[in-house]
Amino acid sequence: MNLELAIFYFFAAMLVGAATLVVTIRNPVHAALFLVLAFFASAGVWLLLEAEFLAVTLVLVYVGAVMVLFLFVVMMLDINLVPLKEGFARYLPVGALVALVLIVEIALAVGPERFGLEMYTDPVARDADYSNTKELGRVLYTTYVYPFEIAAVILVVAIIAAIAITLREKRQTKYVQPEQQVSVTRKGRVRMVNMPAEKKKK
Amino acid sequence: MFDLMREALSFLPQDLVTVLVIISKITIIATPILLSVAYITLLERKVIGYMQVRIGPNRVGPRGLLQPIADGLKLIMKETIIPTKANRVLFILAPVLTFIPAITAFAVVPFDYEMYLSDVDASLLFILAITSMGVYGIIIAGWASNSKYAFLGALRSAAQIVSYEIAMGFALVGVLIAAGSLNLIDIVRAQEGSMLHWYWIPLFPLFVIYYLSGVAETNRAPFDVAEGESEIVAGFHVEYSAMTFSIFFLGEYTAMILISLLTAIMFMGGWLSPFQGIPMLEEMFAFVPGIVWLLAKAFIFLFLFIWFRATYPRYRYDQIMRLGWKVFIPITIVWLLVVGVALLVDLGPWFD
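From first to last, the protein sequence lines stand for chains A and B. Count the first sequence with my numbering and you get residues 623 to 824, in order. Count the second sequence with my numbering and you get residues 44 to 395, in order.
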């Protein structure tokens with residue numbers, strides 16, 4: 623067994639193990655952390671496929687940003703686990719049925735008759751100076767420029783919608799405009815009064 | 044040197060020799076980093092001391108030079124206290140998770156023409172991705188400590204780091220557009236010519252924003268609300284003591300060194316001599332190895348970290364967020380357009 627295969631099995635085992643734990647572990651914070659580990663392990667597998675741009679972006683976007691916010695929310699929610707687990711036996715048949723249907727669907731869609739190993743030639747091993755970042759960028763901005771731009775527009779709309787939903791009519795916080803705050807001078811705040819000393823009346 | 048090592052170990056299998064060579068390279072990079080972390084703490088205390096008209100540590104060893112060793116010994120000897128009802132595994136794991144990303148990023152840092160651990164094509168992205176993982180240590184520490192102060196510190200820090208990462212990423216996009224490469228070695232090569240060819244002139248706003256975001260990312264003053272001792276005691280590491288605390292400390296200072304090195308590499312010409320292109324001086328200083336220049340440049344930025352801490356009062360939390368989102372990000376976006384136009388019109392001497 624060469625080094626590359628050993629690394630692949632290491633990351634693959636880590637990925638499967640972490641993914642299993644995400645759904646089986648009780649503590650939601652632990653589950654989120656195992657999801658991070660799963661992302662990380664799959665990035666490792668992608669690196670072995672020489673897809674370094676995708677691998678690094680996976681870590682950057684999902685591990686570095688999305689999961690941080692996810693963890694943020696999970697930690698702040700005081701999730702009571704008891705009601706979540708209620709009725710496990712009652713919903714088990716329905717859940718099992720849904721799971722079964724999903725597995726069959728996935729197997730039909732990505733089964734060996736379409737995605738089997740014999741359908742594809744071995745990926746070409748590129749030289750060390752081959753930059754798949756450049757290749758990906760080239761394809762994204764030439765062949766797929768319209769889908770790419772449409773996706774960008776949809777994302778912008780989603781961002782604006784999210785901001786608009788959370789924007790309240792009235793400001794609840796006592797927020798001070800920093801530019802006004804910075805431009806404050808003594809003249810605007812303090813008035814020096816010149817007055818003669820007074821004697822206390824008896 | 045490594046060829047010699049390969050020859051000496053040629054009786055071992057090839058893969059194993061490669062691993063051994065890599066491990067020895069890692070040791071050569073990591074040991075000076077850890078040592079310099081120790082002495083940066085001394086430097087910081089001394090410099091801030093003199094800035095505040097004090098002397099700073101001067102008892103242990105000549106002029107206090109052994110102070111970091113005494114501190115280290117003290118931290119090792121002390122008891123590691125794990126709070127009741129803290130999540131033990133995550134509590135221990137958290138400091139490790141802040142330290143590992145900071146030191147892993149050094150894997151792609153080029154120190155000289157041929158002096159680096161690995162020549163990764165997407166090294167800029169790699170650094171951004173790896174350093175973005177440092178936030179987990181802080182969040183996990185806050186949550187696992189089972190303390191409200193630690194948790195508040197962790198939440199503050201998580202929001203701050205995620206916000207400043209965006210500005211940092213955009214600043215890096217500027218560098219990438221200018222150099223036409225994600226490879227740090229190629230980025231330095233693209234700045235060759237003279238001091239005026241370095242990217243600090245055409246990318247000046249991005250340079251400032253990158254460095255300041257770096258200060259914010261490492262939770263250093265004036266952006267250290269995650270610690271904020273006047274409000275939330277010491278933030279995410281309130282409950283930490285002894286070695287667990289010192290590993291947090293190591294992580295923070297390693298990240299400082301990393302940010303300083305990266306700023307020097309991306310905007311100040313990395314290992315290139317500042318006298319390049321100047322007739323007399325270039326030959327006079329030709330004997331100086333590139334790594335000396337790189338470390339000298341990085342040292343300036345490290346000193347700035349300390350100088351900031353002694354100079355500025357801490358930012359208010361909402362102002363930090365405002366600075367990140369409403370000032371830094373718009374400026375970087377505008378400057379990306381400027382860089383794009385400059386590239387289109389081949390603005391010399393940087394983009395021709």
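Glycine included, each C-beta is placed from N, C-alpha and C at the ideal position. Since we're looking at a predicted model, the values are computed, not measured.
If you run the structure through DSSP and keep just helix, strand and coil, what is residue i?
i, result
"Asp229(B)", "helix"
"Asp46(B)", "helix"
"Met309(B)", "helix"
"Met94(B)", "helix"
"Asp749(A)", "coil"
"Met120(B)", "helix"
"Asp155(B)", "strand"
"Asn101(B)", "coil"
"Val388(B)", "coil"
"Ile244(B)", "coil"
"Thr646(A)", "helix"
"Tyr713(A)", "helix"
"Glu735(A)", "helix"
"Glu740(A)", "helix"
"Val381(B)", "helix"
"Ser303(B)", "helix"
List the residues of chain A whose Cβ lies closer than 7 angstroms to the Cβ of residue i, in chain order.
i, result
"Val178(B)", "Val690"
"Gln362(B)", "Pro800"
"Trp186(B)", "Val651 and Met697"
"Arg357(B)", "Correct list: empty, because the minimum Cβ distance to chain A is about 15 angstroms."
"Ala201(B)", "Val690 and Phe694"
According to the neighbour-count rule (16 or more other Cβ atoms, all chains shown, within 10 Å of its Cβ), is residue i buried or exposed?
i, result
"Glu326(B)", "exposed"
"Tyr631(A)", "exposed"
"Leu797(A)", "The residue you asked about is not Leu; residue 797(A) is Tyr in the sequence shown. Answer is exposed; the Cβ neighbour count stays below 16."
"Thr261(B)", "buried"
"Tyr254(B)", "buried"
"Trp350(B)", "exposed"
"Asp749(A)", "exposed"
"Gln234(B)", "buried"
"Pro100(B)", "buried"
"Asn816(A)", "exposed"
CB residue i to CB residue j, shorter than 8 angstroms?
i, j, result
"Ala81(B)", "Ile146(B)", "no"
"Leu227(B)", "Pro153(B)", "yes"
"Thr755(A)", "Ala165(B)", "yes"
"Pro800(A)", "Gln362(B)", "yes"
"Ala640(A)", "Ala663(A)", "yes"
"Pro138(B)", "Ile290(B)", "yes"
"Gly217(B)", "Ile275(B)", "no"
"Trp368(B)", "Pro248(B)", "no"
"Leu659(A)", "Trp668(A)", "no"
"Tyr263(B)", "Met238(B)", "Note that residue 263(B) is Arg in the sequence shown here, rather than Tyr. Not a contact, by the Cβ cut-off of 8 angstroms."
"Phe279(B)", "Gly185(B)", "yes"
"Val268(B)", "Tyr358(B)", "yes"
"Gly257(B)", "Ile308(B)", "no"
Chain A partners of residue i, CB-CB under 9 angstroms?
i, result
"Arg102(B)", "In chain order: nothing, as chain A lies at least about 42 angstroms away."
Using CA atoms only, rank isn't needed, just tell me which of the options is closest to residue i.
i, options, result
"Ala259(B)", "Ile230(B), Gly212(B), Tyr207(B) and Ile244(B)", "Tyr207(B)"
"Leu699(A)", "Asn649(A), Leu682(A), Val688(A) and Leu659(A)", "Asn649(A)"
"Ile230(B)", "Leu167(B), Arg359(B), Ile376(B) and Ile125(B)", "Leu167(B)"
"Pro332(B)", "Leu249(B), Asp155(B) and Asp162(B)", "Asp155(B)"
"His652(A)", "Tyr179(B), Phe328(B) and Leu85(B)", "Tyr179(B)"
"Leu682(A)", "Ala277(B), Ser303(B) and Ile204(B)", "Ile204(B)"
"Val688(A)", "Ala184(B), Ile143(B), Met158(B) and Ala201(B)", "Ala201(B)"
"Leu136(B)", "Asp114(B), Ile244(B), Ser188(B) and Val96(B)", "Ser188(B)"
"Leu390(B)", "Glu282(B), Leu246(B) and Ile349(B)", "Leu246(B)"
"Ala339(B)", "Pro356(B), Gly313(B), Tyr93(B) and Gly92(B)", "Gly313(B)"
"Glu87(B)", "Ile374(B), Thr70(B) and Phe344(B)", "Phe344(B)"
"Ala353(B)", "Pro75(B), Leu47(B) and Val90(B)", "Val90(B)"
"Glu757(A)", "Glu674(A), Leu670(A) and Gly666(A)", "Glu674(A)"
"Leu625(A)", "Gly709(A), Ala718(A), Leu670(A) and Leu637(A)", "Leu670(A)"
"Val151(B)", "Leu347(B), Val335(B), Tyr93(B) and Thr174(B)", "Thr174(B)"
"Tyr360(B)", "Ala113(B), Leu198(B) and Ala341(B)", "Leu198(B)"
"Val678(A)", "Arg106(B), Ile170(B), Pro56(B) and Ile69(B)", "Ile170(B)"
"Leu387(B)", "Phe288(B), Gly223(B) and Phe346(B)", "Gly223(B)"
"Gly104(B)", "Ile98(B), Gln319(B) and Ile112(B)", "Ile112(B)"
"Met120(B)", "Phe288(B), Arg49(B), Ile372(B) and Ala385(B)", "Phe288(B)"
"Leu293(B)", "Ser67(B), Pro75(B), Tyr242(B) and Phe371(B)", "Pro75(B)"
Under 9 angstroms between beta-carbons, which chain B residues line up against residue i? List them in chain order, please.
i, result
"Ser753(A)", "Asp164, Ala165, Ser224, Leu225 and Asn226"
"Leu625(A)", "Asp58, Thr61 and Val62"
Against residue i, what residues of chain B qualify as contacts under a CB-to-CB distance less than 8 angstroms, listed in chain order?
i, result
"Phe675(A)", "Ala165 and Leu168"
"Ala687(A)", "Ser175, Val205 and Glu208"
In chain B, which residues lie with their C-beta within 7 angstroms of the C-beta of residue i?
i, result
"Pro682(A)", "First, the residue type needs correcting, since residue 682(A) is Leu and not Pro in the sequence shown. Near Leu682(A) (Cβ distances below 7 angstroms), the residues of chain B are Leu168, Leu171, Ala172 and Ser175."
"Val678(A)", "Ala165, Leu168, Phe169 and Ala172"
Quick one: list the residues of chain A neighbouring residue i, beta-carbon separation under 8 angstroms, in chain order.
i, result
"Arg49(B)", "Going along chain A, no residue has its Cβ under 8 angstroms from Arg49(B), so there is no contact; the nearest lies around 16 angstroms."
"Ile182(B)", "Val690, Leu693, Phe694 and Met697"
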